Amino acid sequence: MLIQQRTIIVQPGNSDKVVERFSKEGPLDGMEGLIDVTVMVNKRSKETEEVVVFIRWESEQAWKNWEKSPEHLAGHRNSKGQERPEYVISSNVSMFDVKKVRPGQFGQ
Numbered sequence: 848m849l850i851q852q853r854t855i856i857v858q859p860g861n862s863d864k865v866v867e868r869f870s871k872e873g874p875l876d877g878m879e880g881l882i883d884v885t886v887m888v889n890k891r892s893k894e895t896e897e898v899v900v901f902i903r904w905e906s907e908q909a910w911k912n913w914e915k916s917p918e919h920l921a922g923h924r925n926s927k928g929q930e931r932p933e934y935v936i937s938s939n940v941s942m943f944d945v946k947k948v949r950p951g952q953f954g955q
């Protein structure tokens, strides 16, 4: 399993805009190998809000297929040259190769 983690730091009061963007259905949802998308918000800081998105894939190959798909490439072409919204302070992407998932007693 491969997990792509997107962390977006925004000005207070703006996390709902990012949540809405990542909650909408789109071409990603129909991709073979996509397990799920989880969107979380951390509002514990008064200075910023943090949105973390986990996109879980069955394999690295499934993610690569998405990256090379016409739908993904078209999305990047359509947004090329656009500046990110002013309320976005920073954005970071990390990739994790999952080595072990251990379900809890009641998660089985």
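Read left to right, the sequence shown gives residues 848 to 955 (our numbering). Each residue gets a CB set at the ideal place from its N, CA and C atoms; glycine is no exception. The structure presented is a predicted model; accordingly, all values stated were derived computationally and were not measured.
Within 9 Å, strictly: CB atoms of residue i and residue j
i: Asn-889; j: Val-898; result: yes
i: Leu-875; j: His-923; result: no
i: Pro-932; j: Asn-861; result: yes
i: Gln-851; j: Phe-953; result: no
Host beta strand (DSSP E) of residue i (start-end)
i: Asn-889; result: 881-889
Beta-bridge partners of residue i, as assigned by DSSP
i: Asp-863; result: According to DSSP, which records beta bridges pairwise, Asp-863 is partnered with nothing at all.
i: Gln-851; result: Ile-902 and Met-942
i: Val-857; result: Glu-896 and Val-935
Cβ shell of residue i (< 7 Å), same chain only, five flanking positions each side left out
i: Glu-905; result: Met-848, Gly-880 and Ile-882
Endpoints, the alpha helix (DSSP H) within which residue i is located
i: Arg-926; result: According to the sequence shown, residue 926 is Ser rather than Arg. Note, Ser-926: alpha helix (DSSP H), 917-926.
Nonlocal neighbours in the same chain, by C-beta distance under 6 Å from residue i, ignoring five residues either side
i: Val-884; result: Ile-902
i: Lys-893; result: none
Check: Counting pairs of beta carbons, one from the region 935-951 and one from the region 850-869, are three or more of them closer than 8 Å?
Finding: Note that the region 935-951 touches the region 850-869; at least 3 beta-carbon pairs, one per stretch, sit closer than 8 Å.
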